[in-house]
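Numbering (this note's numbering), first residue to last: 6 to 329.
Glycine is no exception: its CB is placed at the ideal position from the N, C-alpha and C atoms.
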């Protein structure tokens with residue numbers, strides 16, 4: 006925290022789960038396992054009813070919020086809400102930035118991530134989880150160019166001017182969690198339930214969470230006063246912008262896009278949707294950080310060394326856009 010920032014005064018920190026349904030599993034063998042240190046071996050029967058598809062949410066509610074609407078922070082693929090709490094090199098994260106700006110904040114772990122937990126496969130989930138390698142993360146997150154990852158940290162090549170704290174890359178990778186494919190529907194159902202639970206709000210989503218934020222806003226425009234898609238890796242089809250009135254949108258993009266073909270495709274999908282929103286007369290702003298003189302950002306601007314600068318850019322847009 007900056008020494009000039011006021012001390013935060015929270016009236017409550019609480020957590021809850023939203024969404025989910027009951028699924029039954031039958032016909033599986035009963036196992037005998039030891040589940041406690043020094044405890045006896047006992048039967049473990051997986052047959053029966055299970056809760057699945059739920060989302061975990063932690064709410065940080067201020068004693069005297071300065072904004073009438075809370076901010077919901079939605080993480081990306083293979084990640085959890087930890088992305089918002091602090092940076093890999095130990096600085097305060099965007100959770101603190103939005104709290105200091107006077108917002109109540111809700112940080113979620115999406116379906117099958119972190120404290121939301123996950124379900125057995127193939128009994129409930131169709132497939133086994135996917136796990137991201139360090140090399141995939143280094144290059145996909147645009148920390149270094151394609152082919153630049155090496156096992157030895159001193160041999161890796163980062164993009165020139167890179168803002169991501171590369172010395173803390175392993176600390177960042179320790180946050181990664183398993184993910185599943187084909188779960189867009191159950192995840193959106195849980196996000197719908199969260200919007201219903203919270204009421205009118207502001208949504209800030211990153212990467213996969215940015216795509217979910219755009220789609221959830223399209224599905225429930227009455228619940229969202231503004232949406233910020235931070236480097237969205239997906240977006241609704243452009244045709245989905247027709248015939249609806251949606252709240253203000255902001256997309257934020259970092260640097261090094263030209264060196265990564267996959268990100269050029271992701272960007273094209275989001276641009277097509279934002280262009281369609283704009284053509285339909287809706288507010289759809291795009292912030293390209295390098296064009297604004299904020300250079301060197303990876304796919305994770307909220308974790309980069311200049312994360313406070315990017316946060317203030319987003320907060321300034323919200324202050325200007327959202328009715329007090």
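Open item on the list: Just to confirm, is the Cβ distance from residue 154 to residue 166 under 7 angstroms?
Closed with: no
Task: Rounded separation between residue 213 and residue 226 - CA only - done: 19 angstroms
TODO: Starting from the C-beta of residue 247, find all residues in its chain whose C-beta is less than 8 angstroms away, skip the five residues before and the five after it, and write them out in chain order.
DONE: 281, 285
TODO: Could you name the residues of the same chain whose beta carbon sits closer than 8 angstroms to that of residue 6, not counting the 5 residues immediately before and after it, in chain order?
DONE: With a pLDDT of only 48 at residue 6, under 50, the local geometry of the prediction cannot be trusted, and the value read off the model is given with reservation. Closer than 8 angstroms at the Cβ level, and outside the excluded window around residue 6, lie 97, 101, 105.
TODO: Please report how far the alpha carbon of residue 81 lies from the alpha carbon of residue 267, in whole angstroms.
DONE: 16 angstroms
Task: Inter-residue spacing [alpha-carbon to alpha-carbon] between residue 193 and residue 203 - done: 15 angstroms
Task: Residue range of the alpha helix (DSSP H) that includes residue 278 - done: 266-284
Open item on the list: Output needed for residue 35: all residues of its chain with C-beta closer than 6 angstroms, excluding positions within five of it in sequence on either side, in chain order.
Closed with: 48, 50
Task: Alpha-carbon spacing of residue 29 relative to residue 131, whole angstroms - done: 14 angstroms
Open item on the list: Going by beta-carbon coordinates alone, are residue 134 and residue 79 separated by less than 7 angstroms?
Closed with: no
Task: Proximity winner among 20, 62, 44, 40, relative to residue 195 (alpha-carbon distances) - done: 62
TODO: Helix, strand or coil for residue 60, going by three-state DSSP, please let me know.
DONE: strand
Task: Beta-bridge pairing of residue 48 - partner residues as DSSP gives them - done: 37
Open item on the list: For residue 22 and residue 215, what's the separation of their Cα atoms in angstroms?
Closed with: 21 angstroms
- [ ] Within the same chain, show all residues whose beta-carbon is closer than 6 angstroms to that of residue 123, passing over the 5 residues directly before and after it, in chain order.
- [x] 117
Open item on the list: With H, G and I counted as helix, E and B as strand and the rest as coil, what does DSSP make of residue 181?
Closed with: coil
TODO: For residue 323, collect the residues of the same chain with a Cβ closer than 7 angstroms to its Cβ; drop the 5 residues on either side in sequence, then sort them by chain order.
DONE: 207, 231
- [ ] May I ask you to check if the CB of residue 19 is nearer than 6 angstroms to at least one heavy atom of the ligand ZN?
- [x] Of ligands this structure carries none, so the ligand ZN is not represented either.
Open item on the list: Among 66, 257, 115, whose alpha-carbon lies nearest the alpha-carbon of residue 182?
Closed with: 115
Open item on the list: So, at 6 angstroms on beta carbons, what are the nonlocal neighbours of residue 94 in its own chain, with the 5 sequence-adjacent residues on each side left out?
Closed with: 170, 173
Task: Contacts around residue 74, its chain only, beta-carbon distance under 7 angstroms, and the 5 residues preceding and following it disregarded - done: 205, 206, 207, 230, 327
- [ ] Output yes or no for whether 7 angstroms exceeds the beta carbon distance between residue 168 and residue 310.
- [x] yes
Task: Where residue 20 falls, given that 16 or more other Cβ within 10 Å makes a residue buried - done: exposed
Open item on the list: Can you find the residues in the same chain that come closer than 6 angstroms, C-beta to C-beta, to residue 235, ignoring five residues on each side of it along the sequence?
Closed with: 211, 215, 257
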